[in-house]
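Visitor:
Number of protein chains: 2
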Amino acid sequence: MSKDSIVSIGLSAAIVAVESEQPMVLVVSHDGSDDALPFGPFDPAHHRTLESGLRNWVGEQTRFDLGYTEQLYTFGDKGRHTPAGGDKGHQSSARVVSVGYLALTRRMKEAPETQWRGWYNYFPWEDWRDSKPAMIDSVILPALKKFVKDAPDAETAELRRERVNVCFGDGWDEERVLERYELLYEAGLVEEFYRDSGQASKGPALGTPMLFDHRRILATAIARLRGKLKYRPVVFELMAPTFTLLELQRAVEALAGLRLHKQNFRRLVAEQGLVEGTGKLSAPARGRPAELFRFRREVLRERPAPGLRLGGRRTRSA
Amino acid sequence: MSKDSIVSIGLSAAIVAVESEQPMVLVVSHDGSDDALPFGPFDPAHHRTLESGLRNWVGEQTRFDLGYTEQLYTFGDKGRHTPAGGDKGHQSSARVVSVGYLALTRRMKEAPETQWRGWYNYFPWEDWRDSKPAMIDSVILPALKKFVKDAPDAETAELRRERVNVCFGDGWDEERVLERYELLYEAGLVEEFYRDSGQASKGPALGTPMLFDHRRILATAIARLRGKLKYRPVVFELMAPTFTLLELQRAVEALAGLRLHKQNFRRLVAEQGLVEGTGKLSAPARGRPAELFRFRREVLRERPAPGLRLGGRRTRSA
DNA sequence: CCAATTAATACTCATTTCGAGTATATATAT
DNA sequence: ATATATATACTCGAAATGAGTATTAATTGG
Chain L
24 MSKDSIVSIG LSAAIVAVES EQPMVLVVSH DGSDDALPFG PFDPAHHRTL
74 ESGLRNWVGE QTRFDLGYTE QLYTFGDKGR HTPAGGDKGH QSSARVVSVG
124 YLALTRRMKE APETQWRGWY NYFPWEDWRD SKPAMIDSVI LPALKKFVKD
174 APDAETAELR RERVNVCFGD GWDEERVLER YELLYEAGLV EEFYRDSGQA
224 SKGPALGTPM LFDHRRILAT AIARLRGKLK YRPVVFELMA PTFTLLELQR
274 AVEALAGLRL HKQNFRRLVA EQGLVEGTGK LSAPARGRPA ELFRFRREVL
324 RERPAPGLRL GGRRTRSA
Chain P
24 MSKDSIVSIG LSAAIVAVES EQPMVLVVSH DGSDDALPFG PFDPAHHRTL
74 ESGLRNWVGE QTRFDLGYTE QLYTFGDKGR HTPAGGDKGH QSSARVVSVG
124 YLALTRRMKE APETQWRGWY NYFPWEDWRD SKPAMIDSVI LPALKKFVKD
174 APDAETAELR RERVNVCFGD GWDEERVLER YELLYEAGLV EEFYRDSGQA
224 SKGPALGTPM LFDHRRILAT AIARLRGKLK YRPVVFELMA PTFTLLELQR
274 AVEALAGLRL HKQNFRRLVA EQGLVEGTGK LSAPARGRPA ELFRFRREVL
324 RERPAPGLRL GGRRTRSA
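Residue numbers (our numbering), protein chains in the order written: chain L, 24 to 341; chain P, 24 to 341.
1. Can you name, in chain order, every residue of its own chain whose Cβ lies under 6 Å from the Cβ of residue 271 of chain L, other than the five neighbours on each side?
2. Which bits of chain P does residue 96 of chain L rub up against, with CB to CB less than 8 Å?
3. Measure the Cβ-Cβ separation of residue 120 of chain L and residue 92 of chain L and say whether it is below 9 Å.
4. Within the continuous alpha helix (DSSP H) that includes residue 316 of chain P, where are the two ends?
5. Counting only C-beta atoms, is residue 185 of chain L closer than 9 Å to chain P at any point?
6. Helix, strand or coil: which one does DSSP assign to residue 141 of chain L?
7. One question on the structure: do residue 238 of chain L and residue 204 of chain L come within less than 9 Å of each other, judged by their Cβ atoms?
8. Closer than 9 Å, CB to CB, is residue 73 of chain L near chain P or not?
9. I want to know whether the region 172 to 190 of chain L touches the region 269 to 284 of chain L - three or more CB-CB distances under 8 Å.
10. Here's the rule: buried if 16 or more other CB atoms are within 10 angstroms of the residue's CB, otherwise exposed. What is residue 69 of chain P?
11. Just to confirm, are residue 279 of chain L and residue 41 of chain L a CB contact at a threshold of 9 Å?
12. Could you tell me which of P:287, P:290, P:266, P:331 sits nearest to residue 303 of chain P, measuring between CA atoms?
13. Are residue 234 of chain L and residue 212 of chain L closer than 9 Å when you measure CB to CB?
14. Identify the residues that DSSP records as bridge partners of residue 118 of chain L: which are they?
15. Mind reading off the beta-carbon distance from residue 76 of chain P to residue 65 of chain P? Whole number of angstroms is fine, and I expect it under 8 Å.
16. Contact check, residue 39 of chain L vs residue 126 of chain L under 8 Å by CB: the rounded distance?
17. Which residue or residues does DSSP assign as beta-bridge partners of residue 131 of chain L?
18. Less than 9 Å between the beta carbons of residue 73 of chain L and residue 30 of chain L, yes or no?
19. Give the interface partners of residue 99 of chain P over in chain L, defined as CB-CB distance under 9 Å, in chain order.
20. At 7 Å on the CB atoms, spell out the chain P contacts of residue 144 of chain L, in chain order.
21. Could you tell me whether any Cβ in chain P is nearer than 9 Å to the Cβ of residue 79 of chain L?
22. What does a CB cutoff of less than 8 Å around residue 199 of chain L pick up in its chain, not counting 5 residues either side in sequence?
23. So, is the C-beta of residue 189 of chain P closer than 9 Å to a C-beta in chain L?
24. Nearest to residue 95 of chain L by alpha carbon, out of L:195, L:240, L:192?
25. Just confirm the distance between the C-beta atoms of residue 223 of chain P and residue 217 of chain P, as a whole number of angstroms; I'd bet it's less than 8 Å.
26. Roughly how many angstroms lie between the CA atoms of residue 311 of chain L and residue 300 of chain L, to the nearest whole one?
27. Rounding to the nearest angstrom, what Cα-Cα distance links residue 148 of chain L and residue 157 of chain P in this structure?
28. For residue 131 of chain L, count neighbouring Cβ atoms within 10 angstroms of its own Cβ and tell me buried if that reaches 16, exposed if not.
Listed below in structure tokens is the structure:
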């Protein structure tokens with residue numbers, strides 16, 4: 024019963040912040056290799072929990088102290104962590120199981136070797152704030168149509184058709200980030216697919232690729248965050264201590280990749296009692312200054328599920 | 024950078040079925056030891072993904088083929104898998120990280136050494152179908168009040184007070200199963216707390232204990248399933264191919280631990296197009312036979328988030 | 001002081017969804 | 001027929017949603 028299975032555990036973190044209306048993620052990028060999420064091994068001898076291990080080496084490596092963190096998913100796929108091409112820095116014999124985390128912060132300091140990049144660099148099809156990204160109709164859907172057609176049998180074709188419809192059909196569900204990425208991966212529309220399978224790349228490679236399965240972990244992080252937004256006041260982890268309501272709205276929009284209806288957004292925030300005014304005003308370059316608000320921590324006790332159920336998607340810009 | 028961290032991965036599965044209005048979970052119980060979820064090691068040499076490893080040995084051990092499965096969480100806490108008392112069957116040197124899964128099935132066959140038990144045996148405070156469980160007012164709340172009072176400092180006390188309120192205060196949120204279990208654990212109201220910390224048990228030990236951290240995994244499973252119910256048609260994984268609408272309602276009620284309003288439940292099911300009638304009728308012992316329905320798989324394509332957002336909690340029984 | 005700029009508010013309004021209820025009709029076993 | 005169950009029909013008010021239109025307010029730059 025206890026045939027022992029030795030693997031090593033890797034911890035990866037999608038550390039997220041929002042700056043000037045862009046959701047940013049902290050990546051490690053040395054020399055010419057792909058961007059990576061900060062990652063490192065879990066050392067069971069020194070840490071009582073996975074999360075404390077994470078906090079510890081993230082602190083060391085990126086000089087960050089994480090605020091809110093959340094475990095995302097544990098990936099153990101052979102071939103997606105250790106690509107066919109061979110890897111450096113890991114024993115090729117030991118299998119790596121990677122546990123992904125989401126962390127939110129408002130600190131933007133950069134450590135050596137790391138930099139902040141907008142997450143839509145990796146997922147350009149996920150930003151619908153200005154309009155539906157043109158690449159969906161011009162590139163993605165035609166390629167996916169071909170993917171459906173190339174299915175080995177009718178049953179697979181039907182399955183693929185459904186997935187294409189759910190992921191990119193009408194009725195955009197901003198939470199299905201991972202499903203969409205996985206579909207694009209399987210359809211050979213992202214570079215990682217060719218890298219992992221050792222095939223020659225053909226056709227368009229969408230978005231900026233990442234090391235190992237890090238883009239998948241980031242997709243999981245975005246999906247989780249977009250979902251959580253609606254029933255937990257997590258945005259505030261990303262805001263300065265005080266902020267204007269419009270800044271708050273812009274942050275939510277940035278994360279969700281959608282435009283919201285201003286009046287309704289405020290009605291919601293007000294009704295939920297998520298914020299309280301500080302009599303102070305913002306100091307804009309031009310125009311009327313807005314009042315500065317702060318997060319009301321008390322709501323956590325008062326309401327069962329305080330969040331910003333978005334929904335009010337506007338067709339045109341704000 | 025690659026100081027190697029050797030651990031072994033354990034896979035545990037909460038395999039759930041519903042039988043005669045009780046949610047059941049498959050447990051392994053030999054001799055006098057605590058009930059355990061089926062669990063086993065992940066063998067990286069033989070399996071490409073964690074999930075295929077899980078399906079494989081669950082198949083071997085329990086002769087079950089899992090249908091729907093979902094990863095829950097990865098626990099790596101020292102001390103909660105390998106209790107102070109020492110354990111058998113695992114090298115005490117290797118740290119075990121356990122990945123929990125939820126699996127749904129309608130098959131009720133039992134393999135040797137395993138048996139189906141109602142999950143409310145482990146969480147008696149979670150079943151509100153008949154009425155608010157008396158133990159909450161008579162045992163839990165008084166004990167938690169003491170837990171708040173015994174806090175080392177005022178700040179901790181305030182934190183605890185909030186948690187007690189969120190978990191057991193008015194406004195029952197059926198999804199907070201894990202939060203409640205963790206609170207009871209920390210407050211020393213479940214046996215596992217004493218076992219893990221090596222202290223002498225004192226006070227009431229609520230519910231049936233389980234091996235290792237299996238009750239925590241089961242709590243996670245219940246929470247996840249209760250949540251998922253609302254936006255994905257997962258109940259049908261637990262139903263026979265055909266069923267009456269009342270049977271469906273009873274299954275949802277069993278899982279959610281709540282009573283629902285019959286007319287509204289039907290309105291919902293009908294509106295969502297989740298089921299379709301087969302002209303056939305059920306054969307009850309007495310009384311009017313009900314029509315048999317089947318799940319309309321097509322909704323998965325049609326609607327973005329088909330589920331049974333419950334809510335219609337009735338105060339008294341059906 | 002005036003125009004331009006930007007934000008904040010005030011209200012409206014129709015549509016859905018929710019939660020809870022009352023009242024009936026229907027099928028079967030005995 | 002009666003008891004036992006189930007299935008439907010409707011109603012009704014309260015709340016939440018989604019999308020507007022129209023006004024008001026505070027600054028900066030002339």
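For glycine and all other residues, C-beta sits at the position ideal for the given N, C-alpha and C.
All figures in this text were calculated on a predicted structure; none of them were measured in a lab.
Guide: According to the structure shown:
1. none
2. 94
3. no
4. First-last for residue 316 of chain P: 314 to 318, but that is the beta strand (DSSP E), not the alpha helix (DSSP H).
5. It does; some Cβ of chain P falls within 9 Å.
6. strand
7. yes
8. yes
9. no
10. exposed
11. no
12. Closest in alpha carbon position to residue 303 of chain P, among P:287, P:290, P:266, P:331, is P:266.
13. no
14. L:30
15. Between residue 65 of chain P and residue 76 of chain P the Cβ distance is about 5 Å, and since that is below 8 Å, they are a contact.
16. 7 Å
17. In the DSSP secondary-structure assignment, residue 131 of chain L is not bridged to any residue.
18. no
19. 32, 65, 67, 70, 71, 72, 73, 74, 76, 122
20. For a Cβ distance threshold of 7 Å, nothing in chain P lies close to residue 144 of chain L: the least Cβ distance comes to about 25 Å.
21. No, residue 79 of chain L lies away from the interface with chain P (no Cβ there is under 9 Å from its Cβ).
22. 189, 190, 246
23. yes
24. L:240
25. Contact flag correct, Cβ pair sits at about 7 Å.
26. The straight-line gap separating the alpha-carbon atoms of residue 311 of chain L and residue 300 of chain L is approximately 16 Å.
27. One Cα belongs to residue 148 of chain L, the other to residue 157 of chain P, and the distance between them is close to 52 Å.
28. Looking at its Cβ environment, which holds fewer than 16 other Cβ atoms inside 10 Å, residue 131 of chain L is exposed.
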